[in-house]
Ligand SMILES: Cc1ncc(C[n+]2csc(CCOP(=O)(O)OP(=O)(O)O)c2C)c(N)n1
Ligand code: SF4
Ligand code: SF4
Ligand code: SF4
């Protein structure tokens, strides 16, 4: 059994980065995720694993430092919260275009604009549909516990290299700030430069005499070639949809109604399922763990079983669009959720289910 | 006295006829051709080859690096 | 003796650096970008450090620098090259890392990255090509456009009351303790080319000795943007750019040069 600790979600993420053998962290302070950089600086991993940790002058600088590191085959991490993530988006698009590994944590807060510093889930569109420009996707993981804030670093690392694509961990102020018991995985040593070069023969570590030069770029002025490049990216995203969809089902075996949620909303929904079952309502929950690729196939199957679905998210309704696409009008799909940093209660969720779906 | 003589070779097809090499030559060896190369540029050539001293001034200012320079010392 | 008899391999005294690819530069005829590319590659070749050097191309006319320099390179988002370089150098402290940037890239959109990389004393070289204009996008006003100088977004000349003053960013960053070497060069005459090459050599020396940031500015021409022939552009540069951007070392060995 791994080491047990009581930690904040943000700290668990930071500790997991060190243990996962991440090569570099670049970030800029913003609530509610500043603990990531604070924790890393307190642990001084540059003295132990050699991981580089640097407070950048802005989120823009931080994401572009990540581009440099990823381009040399290293695994960089950056984290921020909503406004800072917006600022990073040009860089994220470049990193997706240049096909570099990256883990990016968004501890979402209420928006738009400066919004507030309370938890929200209103960055779903930004995470799953773009945010930056161009035809690209991020692999998006949504943790719903402090344990997953740690464990998902390992999944993110694997996916970042499997697909040479940025991976976003879409968390929120609840998961980032709350303290829970975590079982930490054992440390994995950082790769040596030789191992980096072996794993990433495309990396810019200096042109050796026995190979062509390596170039990291997202530019191709020839539109036909650029189109081919985008098709190649599309093939990676299709592969993600075939091979790496992740979700969890709770009480769906006999469910007549279904809640669909992710992250902290999924925890609230779990309680709502219990309340419903006490009243004799056969309610189930599908928790999306990957938001891209979205568990559309499973939702389509469930739409043959249930009478209706309620997408519950702390936003005006963003993920609900993906649920509707998956269900394709076979059963009614509605949205419920508080927004702007307000957290809905299990009772509110149940009431919404009754008024919008069961009727 | 040792006399120095030089010669340049211009990669005619890569020359852009910018003329930057012309004033750089202390011996006024270089002119731009009346003819053009495949890209339509009036390429540089040695108009007075016997005056070239192989100083490489032309080559080091050539933005496109299309001049190679050769030099010999002649003993009289 | 016929000149043809001189052209023999054993008499070769100058050729373009073997670290340049065969691809012809995409630059306009007479553009200083080409000369500066050549010089940097000559120095890398002479130092024998191709295998341990990584360059970073900007957004600007030199966005395709990686097509011409035969070495590992990254292409940065507009203005962000010093951020990339920071990460590369910190992860690979024994490699040589340089950025290559235009004035819009470095002194407008990327000012923050420039100043903070310099202020941290990142052990990198920043090559800065100041042609007083946005070349790539068609000759718009740059942060370095001279007062009164026309550009497509200031067709009647830069009016400093409306558009602000040109930025002497090299003097600015030279003030920062992290900067060990700051110099301003040009490459339009043989004499200037030789001096510029020495400055490039010095910058790599500083990086080798891990002394901090080297900032090497080249005042250069943009004959397309300036709407002059290449030779006339170089003359215009001497008459107008150099009085405002005087050539020479600004900081050497960590000390500001007093004139
Ligand atoms: C974020 C962003 N904004 C604007 C542009 C458009 N753009 C491309 S190059 C350039 C100016 C480059 O000028 P400079 O750095 O002076 O280099 P030069 O082309 O003169 O060598 C601009 C504004 C861009 N590519 N990206
Ligand atoms: S400087 Fe070079 S490109 Fe320009 S005319 Fe002379 S040889 Fe041709
Ligand atoms: S080598 Fe010197 S003398 Fe000969 S053409 Fe070039 S500049 Fe003139
Ligand atoms: S537009 Fe200006 S800077 Fe760009 S290649 Fe042409 S002359 Fe050079």
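Protein chains in written order, with our numbering: chain R, 1 to 359; chain P, 1001 to 1076; chain W, 2001 to 2259.
Quick reminder that beta carbons are idealized off the backbone N, C-alpha and C, glycines included.
Please list, in chain order, the chain R residues whose beta carbon lies closer than 7 Å to that of residue i.
i, result
"residue 2116 of chain W", "57 and 61"
"residue 2066 of chain W", "215 and 217"
"residue 2063 of chain W", "219"
Quick one: is residue i buried, meaning 16 or more other Cβ sit within 10 Å of its Cβ, or exposed?
i, result
"residue 174 of chain R", "buried"
"residue 344 of chain R", "buried"
"residue 1070 of chain P", "buried"
"residue 2156 of chain W", "exposed"
"residue 231 of chain R", "exposed"
"residue 2242 of chain W", "exposed"
"residue 328 of chain R", "exposed"
"residue 137 of chain R", "buried"
"residue 2 of chain R", "exposed"
"residue 2237 of chain W", "buried"
"residue 252 of chain R", "buried"
Is the beta carbon of residue i less than 9 Å from the beta carbon of residue j?
i, j, result
"residue 1016 of chain P", "residue 2061 of chain W", "no"
"residue 157 of chain R", "residue 20 of chain R", "yes"
"residue 51 of chain R", "residue 2086 of chain W", "no"
"residue 2249 of chain W", "residue 2199 of chain W", "yes"
"residue 238 of chain R", "residue 314 of chain R", "no"
"residue 2058 of chain W", "residue 2102 of chain W", "yes"
"residue 1060 of chain P", "residue 2190 of chain W", "yes"
"residue 306 of chain R", "residue 273 of chain R", "no"
"residue 248 of chain R", "residue 287 of chain R", "yes"
"residue 169 of chain R", "residue 13 of chain R", "yes"
"residue 2036 of chain W", "residue 2181 of chain W", "no"
"residue 9 of chain R", "residue 341 of chain R", "no"
"residue 2107 of chain W", "residue 2130 of chain W", "yes"
"residue 2032 of chain W", "residue 2231 of chain W", "no"
"residue 1054 of chain P", "residue 1024 of chain P", "no"
"residue 1046 of chain P", "residue 1072 of chain P", "no"
"residue 2006 of chain W", "residue 2100 of chain W", "no"
"residue 1014 of chain P", "residue 1064 of chain P", "yes"
"residue 2121 of chain W", "residue 2212 of chain W", "yes"
"residue 257 of chain R", "residue 319 of chain R", "no"
"residue 2173 of chain W", "residue 2114 of chain W", "yes"
Report yes if the C-beta of residue i is less than 8 Å from at least one heavy atom of ligand 2; otherwise report no.
i, result
"residue 2228 of chain W", "no"
For residue i, go through chain P and note every residue whose CB falls closer than 8 Å to its CB, in chain order.
i, result
"residue 2193 of chain W", "1060 and 1061"
"residue 2170 of chain W", "In chain order: nothing, as chain P lies at least about 22 Å away."
"residue 2234 of chain W", "1020"
"residue 2225 of chain W", "The premise fails here: residue 2225 of chain W is roughly 15 Å from chain P at the closest Cβ pair, so nothing lies under 8 Å."
If you measure from the CB of residue i, is any heavy atom of ligand 1 nearer than 8 Å?
i, result
"residue 2134 of chain W", "yes"
"residue 2033 of chain W", "yes"
"residue 2111 of chain W", "no"
"residue 2102 of chain W", "yes"
"residue 2142 of chain W", "yes"
"residue 2099 of chain W", "no"
"residue 87 of chain R", "no"
Using a Cβ cut-off of 9 Å, pull out every chain W residue sitting near residue i, in sequence order please.
i, result
"residue 52 of chain R", "2087, 2090 and 2091"
"residue 1006 of chain P", "2003, 2006, 2011 and 2013"
Say the cut is 8 Å; is the CB of residue i nearer than that to a heavy atom of ligand 3?
i, result
"residue 1051 of chain P", "yes"
"residue 1059 of chain P", "yes"
"residue 1056 of chain P", "yes"
Name, please, each residue of chain P whose Cβ falls closer than 7 Å to the Cβ of residue i.
i, result
"residue 2060 of chain W", "Within chain P, no residue comes near residue 2060 of chain W; the closest Cβ sits about 16 Å away, beyond 7 Å."
At 8 Å on the CB atoms, spell out the chain R contacts of residue i, in chain order.
i, result
"residue 2173 of chain W", "The contacting residues do not exist; residue 2173 of chain W stays about 14 Å from chain R at best."
Just to make sure I have the definition right: I need the residues of chain P whose C-beta is within less than 9 Å of the C-beta of residue i. Which are they?
i, result
"residue 2008 of chain W", "1070 and 1072"
List the residues of chain W that residue i touches, going by C-beta distances under 8 Å, in chain order.
i, result
"residue 1075 of chain P", "Per Cβ cutoff of 8 Å: no residues; residue 1075 of chain P is ~12 Å from chain W at best."
"residue 262 of chain R", "Those within 8 Å of residue 262 of chain R in chain W number zero; the least Cβ separation is about 30 Å."
"residue 192 of chain R", "Under the 8 Å cutoff, chain W gives no residues; its nearest Cβ is about 12 Å from residue 192 of chain R."
Which residues in chain W sit within 7 Å of residue i, going by Cβ to Cβ distance?
i, result
"residue 1057 of chain P", "2190"
"residue 198 of chain R", "In chain order: nothing, as chain W lies at least about 16 Å away."
"residue 266 of chain R", "By Cβ distance, chain W contributes nothing, its closest Cβ being about 35 Å from residue 266 of chain R, past 7 Å."
Cβ-heavy atom distance between residue i and ligand 4 below 8 Å?
i, result
"residue 2027 of chain W", "yes"
Tell me whether residue i, by its Cβ, gets closer than 8 Å to a heavy atom of ligand 6.
i, result
"residue 346 of chain R", "Absence of ligand 6 is noted for the structure shown, with ligand 1, ligand 2, ligand 3 and ligand 4 being the only ligands found."
* To do: Can you give me, in chain order, the residues of the segment 2070-2083 of chain W that have a beta carbon less than 9 Å from any beta carbon in chain R?
  => 2070, 2071, 2072, 2073, 2074, 2075, 2076, 2077, 2078, 2079, 2080, 2081, 2082 and 2083
* Contact list for the segment 2043-2055 of chain W against chain A, Cβ threshold 8 Å -> Checking the listed chains, one finds no chain A in this structure; the protein chains it contains are R, P and W.
* To do: Mind checking the segment 2081-2103 of chain W against chain R and listing, in chain order, the residues whose C-beta falls within less than 7 Å of any C-beta there?
  => 2083, 2084, 2085, 2086, 2087, 2088, 2090, 2091, 2092 and 2095
* Scan the segment 1009-1023 of chain P for residues whose Cβ lies nearer than 8 Å to a Cβ of chain W and list them as they occur along the chain. => 1009, 1014, 1016, 1017, 1018, 1019, 1020, 1022 and 1023
* Chain-ordered residues of the segment 60-90 of chain R with a beta carbon less than 9 Å from chain W -> 60, 61, 62, 63, 64, 65, 66, 67, 68, 69, 70, 71, 72, 74, 76 and 90
* Along the segment 10-43 of chain R, what residues have a CB closer than 8 Å to any CB found in chain W? -> 23, 24 and 26
* Interfacial residues, the segment 1028-1040 of chain P to chain W, with Cβ spacing under 8 Å -> none
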